[in-house]
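Enquirer: Here it is, the structure in full.
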Amino acid sequence: MNRLFAGLYARLALAFATLFFIVGFAFLALTNWSNNRYYQEITQNMNKSLAMYIAQREPLIHNGIVNDRAMKDLGSLVMVVNPIVEVYLIDTQGKILSYAVPKNTLVRTHVATKPIQTLLSSKQPYPITGDDPRALNSDRIFSAFPVTDGSTTAGYLYVILGGQSYQTLTQSIRSSYIVQQSLAGLVALTLFAIASALLIFAALTSPLRKLAKAMNEFQLNELKSPTLKPNEGDEISYLSATFSAMRQRINEQLEKLQETDRLRRELISNVSHDLRTPMSSMQGYLEMLMRPSITAQERKSYIEIAYKHCNRLTQLVIELFELSKLDAGRINPNYENFSLAELLQDVAQKFSLTAKQKNIYIATPESSHLFMVNADIGLIERVLENLIDNALRYTPKGGKIKLSLSQQKNQVEVGIQDTGIGLTEDDLPHIFERYYRGQKPTEYQQQSTGLGLAIVKRILELHNSVISVESQLNRGTCFKFPLPIVQQHKAA
Ligand SMILES: Nc1ncnc2c1ncn2[C@@H]1O[C@H](COP(=O)(O)OP(=O)(O)O)[C@@H](O)[C@H]1O
Ligand SMILES: [Mg+2]
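Going by this note's numbering, the sequence shown opens with residue 1, and the numbers climb by one from there.
In structure tokens, the structure reads:
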């Protein structure tokens, strides 16, 4: 409800309220105007012959002289019969010659004769209005008839219908009863219309508001893209913002899905290829071993080769299994305190034989510092094994590998640096992807699964650590990752 007066609802309500008021007042004005016209038309039509009857009662002008007494009689007679009527005698030019109204109330000496001629010619529908001698800027309906002097037209009898007294009366009525009633009615109607419109809008916009709210929450929580703050824009802008955020998100996810799908296809073809090669050659050597004619020498070498392929198969299966467990989140690190310096020594020791065979020197950190960390020792050992294994594998004979530990604030940074073949700019962003094996010389391609670094990255992610890599082609590569140091007791 707190957003009821904001946004779309408020706009609709305001627009309709304004509209209702405008239409209401226009209607009122129109009604008033047409009522007046209607009254005028009826009155003029009813009294159209009035002037004729009066004019024919007795001659009003005789030999050019106005019969004032007759006018006065007429005036009092007419006033008694119909008090809203005012009688004037005018000449053919419109000059007022005589009148039957109280003196000193005239403000005109002339009235226009054109409306009189129009009325007499009955060319125009009623109401026809003419000048009121007692008011400067008001048109009145009237009745008129020519007044003859002998056989010539000497002027007109000009009868104002609804003159001053009528006007005063209607004005007082207007300010009092009917108009006030209809005004009140109009206001009540408008209020009623507005109130019902508000209710209808509230009902109509309520699902929209709910939807916008839900969408907005969805956008904030799920899409994490706060394009709109809660008090900005209306429901529709929310919806469209959320819609575009959703569309963007769907596109991203679709791309991700396609990428995953591509990787999966690749994975299947890689795995089947990787498994098939060692398996079929193992099979081949085993078949040869079954021949009765082989020498002891051949037998020994076949067994060795078959064993190597078997190892590779085992390695591949182990790594695949490891990675899928890491991916499925089925590995919960078993945190414990241990010395990273010691672990590094141990792992380096494991590789010493291979290093000697390749004539590669592995330098371990000299310092007596223990670098106690809290982590899963088994998993960190896997990380170090994979990185040192890579360094050995991708470094030519006679190279050097430098393992280092350095403290930075409350972290220790582990470095594995080699003088190997390095990585191309193209490979660098991808090496942590599973099955990515780079474009390297063929002699470095055997025994490669492309899973080692993917495993490393997942394990470090579990430890909230991020691995970084720097490499120069044919110069060497350096991998680094930090781990938090735990408070060290010298006794340990
Ligand atoms: N120290 C390194 N020097 C050069 N290239 C490396 C190094 N470590 C990894 N790479 C490249 O990254 C790729 C991925 O490594 P990894 O995930 O361990 O898979 P694998 O070693 O089985 O190929 C390797 O194939 C190699 O091209
Ligand atoms: Mg590897």
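Glycine included, C-beta positions come from ideal geometry on N, C-alpha and C.
The structure presented is a predicted model; accordingly, all values stated were derived computationally and were not measured.
So, using beta-carbon positions, are G399 and G420 closer together than 8 Å?
Expert: yes
Enquirer: Is the closest heavy atom of ligand 1 to the C-beta of K440 under 7 Å?
Expert: yes
Enquirer: I'd like to confirm something about I431: is its beta-carbon nearer than 7 Å to some heavy atom of ligand 1, or not?
Expert: yes
Enquirer: By alpha-carbon positions, which one of L204, R247, L198, E425 ends up nearest to Q219?
Expert: R247
Enquirer: From N104, T113, I84, V85, pick the residue whose C-alpha is nearest to that of K95; which is it?
Expert: T113
Enquirer: Measuring CA to CA, which of R265, L428, T118 is closest to S471?
Expert: L428
Enquirer: Does the distance from the C-beta atom of Q344 to that of V412 stay below 8 Å?
Expert: It is Leu, not Gln, that sits at residue 344 in the sequence shown. No, the pair does not count as a contact, with Cβ atoms beyond the cut-off.
Enquirer: Determine, using beta-carbon pairs with one atom in the stretch 78–85 and one in the stretch 147–161, whether at least three such pairs fall under 8 Å.
Expert: yes
Enquirer: Flag D389 as yes when its Cβ comes closer than 7 Å to any non-hydrogen atom of ligand 2, and as no otherwise.
Expert: Placement of the Cβ of D389 at a distance of less than 7 Å from at least one heavy atom of ligand 2 is found.
Enquirer: How would you label S121, buried or exposed, when you count the other beta carbons within 10 angstroms and need 16 or more for buried?
Expert: exposed
Enquirer: Grab me the residues of K457's own chain with a C-beta within less than 7 Å of its C-beta, minus the 5 sequence neighbours each way, in chain order.
Expert: F432, I467
Enquirer: Under a three-way DSSP split, which group does I96 fall into?
Expert: strand
Enquirer: Among the candidates V373, L320, S368, E381, whose CA atom is the shortest distance from the CA of Q349?
Expert: E381
Enquirer: Where does A135 sit, in a helix, a strand or coil, going by DSSP?
Expert: coil
Enquirer: Going by the C-beta, is G452 closer than 7 Å to any heavy atom of ligand 2?
Expert: yes
Enquirer: Just to confirm the assignment, what range does the beta strand (DSSP E) spanning P484 have?
Expert: 476–484
Enquirer: For a test of your reading of the model: does the CB of N359 fall under 7 Å from any non-hydrogen atom of ligand 2? Yes or no.
Expert: no
Enquirer: Could you work out which residue in S324, A375, D346, H369 is closest to I362 when comparing CA atoms only?
Expert: D346
Enquirer: Pick from L157, L19, V66: whose alpha carbon is nearest that of E86?
Expert: When each option's Cα is compared against that of E86, the closest is L157.
Enquirer: Please report the residue range of the alpha helix (DSSP H) in which Q407 lies.
Expert: Careful: Q407 lies outside any alpha helix (DSSP H), inside the beta strand (DSSP E) at 400–408.
Enquirer: Measure the C-alpha to C-alpha separation of V147 and H62 and round it to an integer number of angstroms.
Expert: Looking at the two C-alpha atoms, the distance is approximately 10 Å.
Enquirer: Would you report the Cα separation of R131 and V187, rounded to the nearest angstrom?
Expert: Looking at the sequence shown, residue 131 is not Arg but Asp. Answer to the nearest angstrom: the Cα atoms are 36 Å apart.
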